[in-house]
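Trainee:
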């Protein structure tokens, strides 16, 4: 069971209003979990979920935005359990995680920094560890955006096991970083 949304304790002041909002919070959590469960059950694709999350995030309805935030928070709440995930589910989670980074779907700088830390931590694991596979799946999705994070990119480029497991990711990061350096030199 996932913890309640941080907003739940401050919503409403009357007991009747609180009960309605608590029911709404429970419904939001159920809906958020249902989105993730459909992906794991292969009833929805990750690109489909990403499109759904983009729509929820941009919705004018506060409830939709809360569902979006809950999906993200539920995924992050699960991080400590990722090493116990079966291989298939961990790969799906890695692809989803990297897709969130790639599509700028992490709602705060803090969550983005946490996601990048999780990614780098996973990639530092021995290649035989499950979390290394998670990191590779995430990196393969996020590689086109990694140039925006030079510190993490530098760390990743130093890892021979990553170069061996995903040479295309290393090449994409190097090309993006060198293109960025060339642009900066031309502007000077």
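Numbering (my numbering), first residue to last: 463 to 650. We put the beta carbon where it would ideally sit given N, CA and C, even for glycine. Since the structure is predicted, the reported quantities are computational estimates derived from the model, not experimental observations.
1. Hey, how far is the Cα of residue 633 from the Cα of residue 639?
2. Secondary structure at residue 520, three-state DSSP: helix, strand or coil?
3. CA-CA distance, residue 603 and residue 486?
4. Can you tell me whether residue 607 is helix, strand or coil according to DSSP?
5. What is the residue span of the alpha helix (DSSP H) that residue 555 lies within?
6. My understanding is that residue 593 touches residue 584, with C-beta atoms under 8 Å, so please give their C-beta distance in whole angstroms.
7. Confirm, please, whether the CB-CB distance from residue 625 to residue 619 is below 9 Å.
8. Report the rounded CA-to-CA distance for residue 520 versus residue 534, giving the unit in angstroms.
9. Can you look up residue 638 in the DSSP assignment and give me helix, strand or coil?
10. Our contact map puts residue 553 next to residue 597 with C-beta atoms below 8 Å; I'd like the distance itself, whole angstroms only.
11. Using three-state DSSP, classify residue 631 as helix, strand or coil.
12. Which residue wins for smallest C-alpha separation from residue 590, given the options 549, 497, 526 and 538?
13. Using the three-state DSSP reduction, which class does residue 545 fall into: helix, strand or coil?
14. Counting pairs of beta carbons, one from the region 574-581 and one from the region 523-532, are three or more of them closer than 8 Å?
Mentor: According to the data block:
1. Here residue 633 refers to the residue found at position 171 of the chain shown. Here residue 639 refers to the residue found at position 177 of the chain shown. So the alpha carbons of these two residues sit roughly 10 Å apart.
2. Within the chain shown, the letter at position 58 stands for residue 520. Looking at residue 520 - three-state DSSP - the assignment turns out to be helix.
3. What you label residue 603 is simply residue 141 of the chain shown in a count that begins at 1. What you label residue 486 is simply residue 24 of the chain shown in a count that begins at 1. If you take the alpha carbons of residue 603 and residue 486, they lie about 33 Å apart.
4. For this step, residue 607 is matched to residue 145 along the chain shown. Collapsing the DSSP output to three states places residue 607 in coil.
5. As a position in the chain shown, residue 555 is number 93, starting the count at 1. Where residue 555 is concerned, the enclosing alpha helix (DSSP H) stretches over 549-564.
6. Translated into the one-based positions of the chain shown, residue 593 becomes position 131. Translated into the one-based positions of the chain shown, residue 584 becomes position 122. Indeed they touch by this definition, with Cβ atoms about 4 Å apart.
7. Taking the first residue of the chain shown as position 1, residue 619 is located at position 157. Taking the first residue of the chain shown as position 1, residue 625 is located at position 163. The Cβ-Cβ distance between residue 619 and residue 625 falls below 9 Å.
8. Your numbering for residue 520 matches position 58 in the chain shown. Your numbering for residue 534 matches position 72 in the chain shown. The alpha-carbon of residue 520 is positioned some 15 Å away from that of residue 534.
9. By one-based count along the chain shown, residue 638 stands at place 176. Three-state result, residue 638: helix.
10. As a position in the chain shown, residue 553 is number 91, starting the count at 1. As a position in the chain shown, residue 597 is number 135, starting the count at 1. The Cβ separation is near 11 Å, so there is no contact.
11. One-based indexing of the chain shown puts residue 631 at position 169. Residue 631: helix per DSSP, three-state reduction.
12. Within the chain shown, residue 590 is the residue found at index 128, counting from 1. For the residues 549, 497, 526 and 538, the minimum Cα distance to residue 590 belongs to 549.
13. Residue mapping note: residue 545 aligns to position 83 of the chain shown, counting from 1. Assignment of residue 545 by DSSP, reduced to helix, strand and coil, places it in the helix class.
14. By the Cβ rule, the region 574-581 does not count as touching the region 523-532, because fewer than three pairs are nearer than 8 Å.
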